[in-house]
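Line by line, the protein sequences are chains Z and D. Heads up, the numbering used here is the position in the first sequence plus 4, with the first residue counted as 1. Heads up, the numbering used here is the position in the second sequence plus 4, with the first residue counted as 1. By construction, the Cβ of each residue, glycine as well, lies at the ideal position given by its N, Cα and C atoms. Owing to the predicted nature of the structure, the values given are computational and were not obtained by experimental measurement. Data block below; observations after.
Protein chains: 2
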Amino acid sequence: MKAEKLILDGNRVAANMKEKLAGQINRLSEKGIVPCLATILVGDDPSSATYVRMKGNACKRLGIHSVRVDLPSNTTTYELIAAINKLNDDPNIHGILLQHPVPHPIDERAAFEAIRIDKDVDGVTTQGFAQNAFGFADYPSCTPAAIIGILEYYNIPIEGKHAVVIGRSPILGKPVSAMLLNKNATVTTCHSKTANLDNIVRLGDIVVAAVGKPKFVQGDWIKPGAIVVDAGYNKGNFGDVDYDACLKNAYAITPVPAGVGPVTIATLLKHTVEAAEKFGY
Amino acid sequence: MKAEKLILDGNRVAANMKEKLAGQINRLSEKGIVPCLATILVGDDPSSATYVRMKGNACKRLGIHSVRVDLPSNTTTYELIAAINKLNDDPNIHGILLQHPVPHPIDERAAFEAIRIDKDVDGVTTQGFAQNAFGFADYPSCTPAAIIGILEYYNIPIEGKHAVVIGRSPILGKPVSAMLLNKNATVTTCHSKTANLDNIVRLGDIVVAAVGKPKFVQGDWIKPGAIVVDAGYNKGNFGDVDYDACLKNAYAITPVPAGVGPVTIATLLKHTVEAAEKFGY
Numbered sequence: 005m006k007a008e009k010l011i012l013d014g015n016r017v018a019a020n021m022k023e024k025l026a027g028q029i030n031r032l033s034e035k036g037i038v039p040c041l042a043t044i045l046v047g048d049d050p051s052s053a054t055y056v057r058m059k060g061n062a063c064k065r066l067g068i069h070s071v072r073v074d075l076p077s078n079t080t081t082y083e084l085i086a087a088i089n090k091l092n093d094d095p096n097i098h099g100i101l102l103q104h105p106v107p108h109p110i111d112e113r114a115a116f117e118a119i120r121i122d123k124d125v126d127g128v129t130t131q132g133f134a135q136n137a138f139g140f141a142d143y144p145s146c147t148p149a150a151i152i153g154i155l156e157y158y159n160i161p162i163e164g165k166h167a168v169v170i171g172r173s174p175i176l177g178k179p180v181s182a183m184l185l186n187k188n189a190t191v192t193t194c195h196s197k198t199a200n201l202d203n204i205v206r207l208g209d210i211v212v213a214a215v216g217k218p219k220f221v222q223g224d225w226i227k228p229g230a231i232v233v234d235a236g237y238n239k240g241n242f243g244d245v246d247y248d249a250c251l252k253n254a255y256a257i258t259p260v261p262a263g264v265g266p267v268t269i270a271t272l273l274k275h276t277v278e279a280a281e282k283f284g285y
Numbered sequence: 005m006k007a008e009k010l011i012l013d014g015n016r017v018a019a020n021m022k023e024k025l026a027g028q029i030n031r032l033s034e035k036g037i038v039p040c041l042a043t044i045l046v047g048d049d050p051s052s053a054t055y056v057r058m059k060g061n062a063c064k065r066l067g068i069h070s071v072r073v074d075l076p077s078n079t080t081t082y083e084l085i086a087a088i089n090k091l092n093d094d095p096n097i098h099g100i101l102l103q104h105p106v107p108h109p110i111d112e113r114a115a116f117e118a119i120r121i122d123k124d125v126d127g128v129t130t131q132g133f134a135q136n137a138f139g140f141a142d143y144p145s146c147t148p149a150a151i152i153g154i155l156e157y158y159n160i161p162i163e164g165k166h167a168v169v170i171g172r173s174p175i176l177g178k179p180v181s182a183m184l185l186n187k188n189a190t191v192t193t194c195h196s197k198t199a200n201l202d203n204i205v206r207l208g209d210i211v212v213a214a215v216g217k218p219k220f221v222q223g224d225w226i227k228p229g230a231i232v233v234d235a236g237y238n239k240g241n242f243g244d245v246d247y248d249a250c251l252k253n254a255y256a257i258t259p260v261p262a263g264v265g266p267v268t269i270a271t272l273l274k275h276t277v278e279a280a281e282k283f284g285y
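Dropping the structure here:
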């Protein structure tokens, strides 16, 4: 008999979130407030342009305003920060998303830092990161928050479980490790210098792949019965996980697409609506 | 034949640090600058009073000014922040240390946040924490920095090693996990909800105990040849590690006292001197 598998359906989680958001947006509109997200795209990277467009479309469908700021690839750090400050000062803008990565000569960290904490709906500032690591952030980074959201939606226990996170970026591996830790998981964070990665991943009751390499996580790295969350998205619609191979051992798994991606966008909308609610009082 | 053991002598590491600091302090004094650390003690907890006194004495011995601010245990958050702001605004104060913990009714986080980032020599602000987690802090928390300092002084490799940290406090477990991760260790962070803690600790090439429980880490939890760092200090001069038992399996170990403690204080002095150097230019 084949063991039953649980496919963690990101579209379902996102739809559930958006249903709740629709009510919040209605209540705001009664007060004359329309939540508004500003997205900033610097340069002409096609993937980044796609992501920004998807975020704008998702806002539109839900009745959230979105303002798009497109800047040329030769924008200076100073000019980018000036653009961010304009959005910081605009009372009609509730959330600001600077699409990562920005072109290389720009000091991305300085640009992130320029975002006002109460508009930092993607948790990219140092202050937002640390508030999240300490467990009191209003807006944790969207992808990490989406991962926790999926696990919680499916009532997957986190407390006391061993979570193995592969990746340590400031907007994904590090904050998701912090959030799992705050949910009382024992957390191991791995990366390119990790020795015997397969053995470490095999310890995981929950495995989060945030590597940025297609089909990187192999099926036999997964402990039988583990939960696999694939936060990767690579060319050709591949995640960071070898889905079919990992599904064999996993109890539950997020597909790519329709896994973490849609919940990340729904989380961004949720944070924007919450920022508008705070602004409105 | 008994395997050779390495006792990681904190007094030796601290002495080495202070020797370098003496030169820096001399050069500052030629410019008419005396580094100055302000310590704030709220209430009358005897251990906290001892720590503050030790820090003040260590300053004195090295020719660093120290200003002690003693506040009664019924101090309000507002009054404490006002005291901190006074120190923030005083150009003669280069570093500010608020002794943890403050009495319960005070919002300690709000008080920590009030410390100017360029005077946050113990890395207690959210901004300081995140800068450290992202690898560009001027002043990481002193105990975590001391732990890294000891490992580096004794040329203990960190990259690619599995570090197991027991504890997840904002000023010890979390930042030391972050620093070990940035030094390319694979890092597992454990805590009171960790299942099978002994088995997890047994994975560690480097084990950091930051639990606050005397002799908590047992000898048979230590993988033969591991490095054991005891960041605990409990009544009766006990660390968080059962020293004699752990020494049997460990290759290297920090004693208590004369392990992490003196290096923590030396690190605080170092950060204060560095803050004075930055102020002086």
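Beta-carbon contacts of V191 of chain Z that lie in its chain and below 7 angstroms, excluding the five residues immediately before and after: Taken in chain order, the residues that qualify are A167, V169, S181, L184 and L185.
- Message: In the DSSP assignment, the beta strand (DSSP E) including I170 of chain Z goes from what residue to what residue?
- Response: H166 to I170
Q. Quick one: what does DSSP say N203 of chain Z is sitting in, helix, strand or coil?
A. helix
Could you tell me the alpha carbon to alpha carbon distance between A279 of chain D and G263 of chain D, rounded to whole angstroms? 25 angstroms
CB-CB length for D126 of chain Z against L272 of chain Z, believed under 8 angstroms: Between L272 of chain Z and D126 of chain Z the Cβ distance is about 7 angstroms, and since that is below 8 angstroms, they are a contact.
Quiz prompt | Proximal residues, the stretch 132-147 of chain D versus chain Z, C-beta separation under 7 angstroms | solution = F133, A134, Q135, A137 and F138
When the Cα of K252 of chain D is compared with those of D:A230, D:G208, D:V267 and D:K239, which residue comes out closest? D:A230
What is the rounded straight-line gap between the Cα of G236 of chain D and the Cα of P161 of chain D?
For G236 of chain D and P161 of chain D, the distance between alpha carbons rounds to 22 angstroms.
- [ ] Inspect the CB distances between the stretch 56-71 of chain Z and the stretch 242-257 of chain Z and report whether three or more fall short of 8 angstroms.
- [x] Pairwise C-beta distances place the stretch 56-71 of chain Z out of contact with the stretch 242-257 of chain Z, as fewer than three of them are shorter than 8 angstroms.
- Item | CB contact check: G164 of chain Z to chain D, cutoff 8 angstroms | yes
| query | From which residue to which residue does the alpha helix (DSSP H) around A62 of chain Z run? | reply | P50 to L66
Any C-beta of chain D within less than 7 angstroms: which residues of the stretch 16-37 of chain Z qualify?
The residues in question: there are none.
Exercise. Check the DSSP bridge columns for D94 of chain D and list the partner residues they point to.
Key: None, per the DSSP bridge assignment.
Does any residue of chain D have a CB that is nearer than 8 angstroms to the CB of I68 of chain Z? With 8 angstroms as the cut-off, I68 of chain Z does not count as an interface residue toward chain D.
Alpha carbon to alpha carbon, what distance is there between I226 of chain D and G208 of chain D?
8 angstroms
**Min CB distance R120 of chain Z to chain D below 8 angstroms** = So no, R120 of chain Z is outside the interface.
So with CB distances below 8 angstroms, who are the chain D contacts of A199 of chain Z? G164, K165, H166 and T190
Go ahead and label N136 of chain Z buried or exposed: buried means 16 or more other beta carbons lie within 10 angstroms of its beta carbon, across all protein chains shown. buried
Using the beta-carbon of each residue, which ones in chain Z are nearer than 7 angstroms to L185 of chain D? R172 and T193
Exercise for review: State buried or exposed for Y82 of chain D, treating a residue as buried only when at least 16 other CB atoms are found within 10 Å of its CB.
Suggested key: exposed
Worksheet item: At a Cβ threshold of 8 angstroms, is K178 of chain Z touching chain D?
Response: yes
Q.
Assuming V221 of chain D and T258 of chain D are in contact, meaning their beta carbons sit under 8 angstroms apart, how far apart are those beta carbons, in whole angstroms?
A. 12 angstroms between Cβ atoms; not a contact.
Name the chain Z residues that come within less than 9 angstroms of T130 of chain D, Cβ to Cβ?
T130, Q131, G132, F133, A134, Q135, A137 and F138
What residues from chain Z crowd round I287 of chain D, counting only those whose CB sits closer than 7 angstroms? Since the displayed chain D opens at 5 and closes at 285, residue 287 of chain D lies outside it and no answer follows.
Any chance you could list the alpha helix (DSSP H) runs of at least 4 consecutive residues sitting entirely within the stretch 103-166 of chain D, in chain order? 112-118, 130-137 and 146-157
**Prompt:** To which residues of the same chain is P174 of chain Z closer than 7 angstroms at the C-beta, ignoring the five residues directly before and after it?
**Reply:** Same-chain partners within the cutoff: F133.
So, helix, strand or coil for F242 of chain D, using DSSP?
strand
**Asked** So the beta strand (DSSP E) I269 of chain D belongs to, where does it begin and stop?
**Response** Element bounds for I269 of chain D: not the beta strand (DSSP E) but the alpha helix (DSSP H), V264 to F283.
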